[in-house]
Each structure stands twice: as C-alpha cells, then as structure tokens.
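Notes follow once the structure below has been shown.
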Amino acid sequence: MSSAPIGIFDSGVGGLTVARAILDQLPNESTLYIGDTARGPYGPRPLAEVRDFALETLDFLVEQGVKALVIACNTASAAMLRDARERYSIPVIEVIQPAVRRAVAATRSGRVGVIGTRATIESRAYLDAFAAAPQLRIESIACPLFVEFVERGETSGEAITKIAREYLKPMIDADIDTLVLGCTHYPLLTGVISYVMGNDVSLVSSAEETAKDLYRVLVENNLLRGGSESPSTHKFLATGDAQAFELLARRFLGPEVGSVQHQDL
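If you count the sequence shown from 1, you need to add 4 to reach our numbering.
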C-alpha cells in the first residue's frame with residue numbers, strides 16, 4: 005500500500021498549490037491529481053451540491069487505489085470533510101485546520117483576516133476552526149471573482165489589482181496583521197494580494213501546512229514510500245477541457261505536469 009499514489013482533489017487548478025508543496029516535501033511519493041473543472045468553480049454553488057460533487061470525485065480516486073486523500077479545496081472541505089472521514093478507510097487530509105494553526109502561531113496583534121469563496125465563508129468553517137483561539141479577532145470576506153481570474157490564468161494586471169483593492173479594503177481598515185488565503189487558488193495571487201495589503205501583513209497559505217500534515221499522517225500509518233522504490237509518478241486528470249487545464253497546470257506547477265487526460269465522472 006505504501007507504493008500507491010496520493011489522491012489530490014480540487015475543483016480546478018487551485019489545488020496545484022497543494023500538489024506543489026507535496027511534491028517538494030515528499031519527493032518519493034507518487035500522486036494522482038484530479039481537477040473537477042467541468043463543474044468548478046465550487047464557490048458559488050450550494051454546499052449540498054458541492055458535497056455531492058466532491059464525494060463522487062473522491063469515490064473515483066479511491067477506486068483508483070490511492071493510499072490517502074488530500075482535499076485541496078476549502079469549499080469542499082467545508083462541505084463534506086466529516087462525511088469523507090466516515091466514508092473512507094484511508095486517511096483524509098484537508099486544508100482548513102492546517103491554515104488556522106499557522107495563522108494562530110503567526111499573528112502578533114491577534115487580528116486575523118480570512119478570505120475565501122462565498123460558500124467557504126458562509127459555511128463558517130474557518131470561524132468554527134478559530135473558536136479554539138477565542139482571544140483572536142477574526143474578519144472574514146468572500147472574494148468570489150479571484151477564482152475566475154486564476155482559472156483564466158490572469159494573476160496580475162490592472163483589473164485584478166482593482167478588484168483586490170475593493171475586496172481587501174475592509175481587511176486594511178480592520179488593521180489585521182495576518183491574512184489566511186482560504187482558497188487554494190489564492191496563493192497564485194500572492195503577488196497582487198501582498199502588494200495591496202502591504203509588507204506588514206503575513207499571508208498564510210494552507211499548502212505548506214497541509215503537506216506537513218500529510219507527511220505526519222503517512223508516517224503514523226506506516227504509508228511513507230521508500231526512496232529505494234521505483235521513481236515516483238504524477239498523473240493529472242481534468243473533468244473538463246484537458247488541454248486548457250494542461251496549459252495552466254504547467255504554468256503554475258512546472259515540468260512535473262506531463263499530459264493531462266480528460267476524465268468523465
């Protein structure tokens with residue numbers, strides 16, 4: 005079982021930020037990534053619909069024989085994490101708790117901001133996760149257009165900067181010192197978000213922390229792949245336009261992306 009791949013799932017290309025961290029921290033591991041681009045973005049959808057889509061996609065990954073599941077999507081994590089952990093016998097890792105732990109450790113003033121999709125923010129998943137640190141003051145805002153820009157490959161320029169200023173003004177007014185990027189697409193906008201927020205605000209991405217969680221879980225379950233085994237492999241699937249996904253994936257992830265295959269669910 006230790007030689008089996010890690011299944012990584014997102015509604016689109018955002019989860020590639022998590023995949024990148026996993027490849028960097030666990031270079032011996034093989035991965036199977038699926039982006040549900042035919043039905044993404046998930047953010048504007050009702051949580052019940054997101055739950056159904058996400059469980060269908062995770063069922064597919066389990067059928068492929070993966071040894072662990074990484075839900076590299078905040079909206080999906082908010083919608084069905086508990087269901088997934090009850091449904092599958094293999095470890096399930098998500099992105100919300102790792103980001104919250106990092107933000108609690110990073111803040112100096114106790115004023116923390118969270119940005120995410122409309123579904124993630126309305127689910128209150130982050131506010132629930134921060135409840136264990138009641139001394140913090142949390143500001144949360146939905147930034148729905150960010151995902152659309154990333155999925156088009158527009159991660160800089162005048163248009164996205166203007167939108168970022170509008171979205172983030174309440175965060176600046178609240179004088180936060182730590183901002184959680186509560187969507188795995190958002191680290192691909194780190195440049196513009198950091199520019200708008202200023203150098204005094206720390207940005208917290210769940211990608212690095214999620215990869216650390218995955219490492220710990222694999223060790224605890226004796227699932228870590230040895231370096232003496234055959235070279236690791238990385239396979240990428242998209243439920244929508246595979247060619248369009250491949251172009252973005254190579255830009256955001258790098259040479260590890262070979263050809264992207266279309267996958268119907």
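Glycine residues also receive a C-beta, built at the ideal position from the N, C-alpha and C atoms.
Go ahead and pull the three-state DSSP assignment for residue i.
{"i": "E33", "result": "coil"}
{"i": "R220", "result": "helix"}
{"i": "L228", "result": "coil"}
{"i": "E213", "result": "helix"}
{"i": "T188", "result": "coil"}
What are the residues that DSSP puts in a beta bridge with residue i?
{"i": "T182", "result": "V116 and S206"}
{"i": "Q265", "result": "L241"}
{"i": "R39", "result": "Contrary to the premise, residue 39 reads as Gly rather than Arg in this sequence. DSSP lists D14 and A242 as partners of G39."}
In terms of residue numbering, what span does the beta strand (DSSP E) encompassing residue i cover?
{"i": "V74", "result": "A72 to I75"}
{"i": "D14", "result": "I10 to D14"}
Provide the residue span of the alpha helix (DSSP H) that contains residue i, from first to last.
{"i": "T198", "result": "Per the sequence presented here, residue 198 reads as Ser, with Thr not at that position. Taken as a continuous stretch (DSSP letters only), the alpha helix (DSSP H) holding S198 covers T194 to M201."}
{"i": "T165", "result": "E162 to D177"}
{"i": "L62", "result": "L51 to E67"}
{"i": "E1", "result": "A question about residue 1 goes unanswered here, because the residues of the chain that appear run from 5 up to 269."}
* **Segments of 3+ residues assigned as beta strand (DSSP E) that fall wholly inside the segment 75–159** => Correct list: 115–120 and 141–146.
* Asked: Does the pairing of the segment 59–68 with the segment 168–176 give three or more beta-carbon distances under 8 Å?
  -> Fewer than three Cβ pairs drawn from the segment 59–68 and the segment 168–176 lie within less than 8 Å of each other, which leaves the two stretches out of contact.
* Asked: Is there contact here, the segment 246–253 with the segment 92–102, by at least three beta-carbon pairs under 8 Å?
  -> At 8 Å Cβ cutoff, the stretches do not touch.
* Count the CB pairs spanning the segment 155–167 and the segment 220–238 that are closer than 8 Å, and state whether there are at least three. => The answer is no - the segment 220–238 does not touch the segment 155–167, with fewer than three Cβ pairs under 8 Å.
* Any contact of the segment 104–111 with the segment 188–195, i.e. 3+ C-beta pairs under 8 Å? -> With a cut-off of 8 Å, the segment 188–195 and the segment 104–111 do not count as touching, because too few Cβ pairs lie within range.
* Are at least three pairs of beta-carbons, each pair with one atom in the segment 198–211 and one in the segment 175–187, less than 8 Å apart? -> Short answer: they touch.
* Asked: Do the segment 117–128 and the segment 75–86 make contact, defined as three or more Cβ pairs closer than 8 Å?
  -> Yes: the two stretches touch, three or more of their Cβ pairs being nearer than 8 Å.
* Asked: Should the segment 232–242 be regarded as contacting the segment 46–55, the criterion being three or more beta carbon pairs within less than 8 Å?
  -> Put simply, the segment 232–242 does not touch the segment 46–55. Fewer than three CB pairs are less than 8 Å apart.
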